[in-house]
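Participant: Got a structure for you, questions after.
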Amino acid sequence: MEHKCPHCGADLPENAGFCPHCATDLHPRKQAKTANPLLKKLLLGLLALAVLAAAGFGLWLAFAPKTYDGYGEVRYGDYQLLLTQNVDRYIPVPEMAIPGEPEGQYRVPSRLFINDSTGSDVSDAFLAEMEEVSAAFIGQEDSPSPFQCSQPAYNEGVPECPLISLIDFTGESGKAELVWTFQMKNGDTIYLRQTYEVVPIPVYDYYPEDYPMDTAEKLQALIDTIGDQVNDPVAVINLYLPPVTYEGGITIQSRSMNLYGSADEAGNRTTFTGPVQVVAPHGEIAYLQDIDFVGRGSGTGLSGSGSFRATNCTFTGWDTGVYAYGTSWVNVIGCTFQSNGIGFHFDSTGDYANHSMYNDNRFFGNDVAVRLDNVPTDITLNFQGSIFRANAQSILNLCDQPLDLSQATFE
0 MEHKCPHCGA DLPENAGFCP HCATDLHPRK QAKTANPLLK KLLLGLLALA VLAAAGFGLW
60 LAFAPKTYDG YGEVRYGDYQ LLLTQNVDRY IPVPEMAIPG EPEGQYRVPS RLFINDSTGS
120 DVSDAFLAEM EEVSAAFIGQ EDSPSPFQCS QPAYNEGVPE CPLISLIDFT GESGKAELVW
180 TFQMKNGDTI YLRQTYEVVP IPVYDYYPED YPMDTAEKLQ ALIDTIGDQV NDPVAVINLY
240 LPPVTYEGGI TIQSRSMNLY GSADEAGNRT TFTGPVQVVA PHGEIAYLQD IDFVGRGSGT
300 GLSGSGSFRA TNCTFTGWDT GVYAYGTSWV NVIGCTFQSN GIGFHFDSTG DYANHSMYND
360 NRFFGNDVAV RLDNVPTDIT LNFQGSIFRA NAQSILNLCD QPLDLSQATF E
């Protein structure tokens, strides 16, 4: 069946969709659907929310609190945070291997330095941005003698550091990790770490039953021989002295060593009537314990340019009982100073301190009990429990050294 083109009137086959005479498409047109305004608004809203969410996530990433973590050193913006043990503010120390004898007790500082990109000290600026700081050891649950640390604080004995933590340990402490945690005012957290390991060191003990040491000459010869034979610089040398009176003095010169006195059944103790000098190169502290230094009105009982510590010793009848000079650091603890010109004389121009305590000493009948000409650092010397009695002058503090006399007794 044919029908005509609606445009030109030409005859066309049934169901023809195109007129070849007038080149017209004969398919019926469909009316376009009207757009739904609600759907359009919904799509636009979802798109806007997606854009806002992406922008918000980007801002959160940019300003959310961050965590920083490092061993020995952390870079935080323009700040360089370092942990060291010595006074070099530019070299981080992520690992500490510390020699220790089995029964030894030790203390070392963990020092914080804060530099900018030029190496300048910017501690004050960083601390102004810090909310709080703490320190703790981890990883020592099975240690027979765990490391202990003080909370970070300024220490006047180490004035170049804004903060230090004092690390206490023994020769059996093993290995552990120290973590400093900084909480910043903007919410950031910084973890600054150091590992500590105690390395056993050799200990050499010398007893009077095994080695000749009953005279000052024999003792000096033994000291010189030990210095020549023991080459390990960190080895501990202990000399256990008999309860004899040494007519004369000795000099500890080539290396540090410790002298431990003794007493016989009658209570007579190891005694020196001549000067004892500690001039060993700086390194380990020389410990002298339970020894009497008896003078005859002149000279110096115990002196040194090397560091030493006298404990439970007596100094009687000297121009000067104990004299620290050169660059040494010296402590006297639990000692008696009686009838001396000067009991304890500190005149050292060193730049470090190793112990602030001068506790439980007795200063009786000296012209000057304590004279301070020069003392390394501005650390406060603590005379807790010390007694000053019948001295012409108790303390002559010529260098204005900070002193804690709050628990000392003056009679």
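In terms of numbering that gives the first Met the number 0, the sequence shown opens at residue 0 and continues consecutively.
Heads up, the beta-carbon is just placed ideally off N, CA and C, and yes, glycines get one too.
1) In three-state DSSP terms, what is Ala31?
2) Less than 6 Å between C-beta atoms, sequence neighbours within five positions excluded: which residues of the same chain meet that for Gln219?
3) Tell me the DSSP secondary structure of Gly320 in three-state form.
4) In the stretch 75-120, which residue ranges form an unbroken beta strand (DSSP E) of at least 3 residues, counting only runs that do not cross its ends?
5) Applying the 10 Å Cβ sphere with the 16-neighbour rule, what's the burial state of Cys312?
6) In whole angstroms, what separates the C-alpha of Phe181 from that of Glu155?
7) I want to know whether the stretch 191-208 touches the stretch 122-130 - three or more CB-CB distances under 8 Å.
8) What separation, rounded to the nearest whole angstrom, lies between the Cα atoms of Val235 and His281?
9) Looking only at C-alpha atoms, which of Gln228, Val233, Asp227 sits nearest to Tyr202?
10) Would you say Pro375 and Gly349 are within 8 Å of each other, going by their C-beta atoms?
11) Assess contact between the stretch 164-184 and the stretch 205-220, defined as three or more Cβ pairs (one per stretch) separated by less than 8 Å. Is contact present?
12) Could you spell out the range, first to last residue, of the beta strand (DSSP E) harbouring Phe382?
13) Determine the closest residue to Glu72 out of Glu100, Pro101, Ile113, Pro64, with distance taken between C-alpha atoms.
14) Quick one: Cα of Asp231 to Cα of Asn237, how far?
15) Could you tell me which of Gly99, Phe271, Ser306 sits nearest to Asp289, measuring between CA atoms?
16) In whole angstroms, give me the CA-to-CA distance for Asp227 and Ile394.
17) Give the straight-line distance between the Cα atoms of Met417 and Val132, rounded to the nearest whole angstrom.
18) Around the Cβ of Val243, are there at least 16 other Cβ atoms within 10 angstroms (buried) or fewer (exposed)?
19) My guess is that Gly320 and Val278 are in contact by the Cβ rule of under 8 Å, so how many angstroms apart are they, rounded?
20) Under 8 Å Cβ to Cβ from Ser338, same chain only, skipping five residues before and after it: list those, please.
21) Starting from the Cα of Ala215, find the closest Cα among Gly247, Leu240, Glu100 and give me that residue.
22) Suppose the cutoff is 8 Å on Cβ atoms and the five residues either side in sequence are ignored; what does the same chain contact list for Arg308 look like?
23) Output needed for Ala31: all residues of its chain with C-beta closer than 8 Å, excluding positions within five of it in sequence on either side, in chain order.
24) Taking just the CA atoms, how far does Leu240 sit from Leu82?
25) In angstroms with no decimal places, state the Cα-to-Cα distance between Thr408 and Gln383.
26) Could you compute how far the alpha carbon of Asn310 sits from the alpha carbon of Asn257?
27) Counting only runs that start and end within the stretch 243-297, where is the beta strand (DSSP E) found for 3 or more residues in a row?
28) What would DSSP say about Ala391, mapped onto helix, strand or coil?
29) Let me know the secondary structure DSSP gives Ala220 once reduced to three states.
30) According to DSSP, is Gly156 part of a helix, a strand, or is it coil?
31) Contact check, Asp403 vs Asn381 under 8 Å by CB: the rounded distance?
32) Would you tell me roughly how many angstroms separate the C-alpha atoms of Cys160 and Tyr153, rounded to the nearest one?
33) Taking the alpha carbon of Leu371 as the reference point, which residue from Ser385, His344, Asn360 has its own alpha carbon closest?
34) Between the Cα of Gln252 and those of Tyr245, Asn267, Asp263, Gln276, spot the shortest distance and give me the residue it belongs to.
35) Taking 6 Å as the limit between beta carbons, can you name the residues of its chain near Asp291, skipping five residues before and five after?
Facilitator: Looking at the atomic coordinates:
1) At Ala31 the pLDDT is 48, less than 50, meaning the model places this residue with poor confidence; the figure from the coordinates comes in the next sentence. Of the three classes helix, strand and coil, the one that applies to Ala31 here is coil, per DSSP.
2) Ile249
3) strand
4) 78-83, 94-99, 104-114
5) buried
6) 22 Å
7) no
8) 14 Å
9) One detail in the question is off: residue 202 reads as Val in this sequence, not Tyr. Closest by alpha carbon: Val233.
10) yes
11) no
12) Element bounds for Phe382: n/a, residue is neither H nor E.
13) Ile113
14) 14 Å
15) Phe271
16) 41 Å
17) Since the first and last residues shown for the chain are 0 and 410, residue 417 lies out of range.
18) buried
19) About 18 Å separates the two Cβ atoms, so there is no contact after all.
20) Thr315, Gly316, Phe363, Gly364, Asn365
21) Gly247
22) Ile284, Ala285, Tyr286, Leu287, Val329, Asn330, Val331, Ile332, His354
23) Residue confidence is low: Ala31 scores 48 on pLDDT, short of 50, so the model does not pin down where it sits. Its coordinate-derived value is still stated next. Nothing meets the Cβ criterion.
24) 42 Å
25) 9 Å
26) One point to set straight first is that residue 310 is Thr, not Asn, in the sequence displayed. Spanning the two alpha carbons is a distance of roughly 11 Å.
27) 249-251, 257-259, 275-277, 285-288, 291-293
28) coil
29) helix
30) coil
31) 4 Å
32) 7 Å
33) His344
34) Gln276
35) Arg268, Thr270, Thr313
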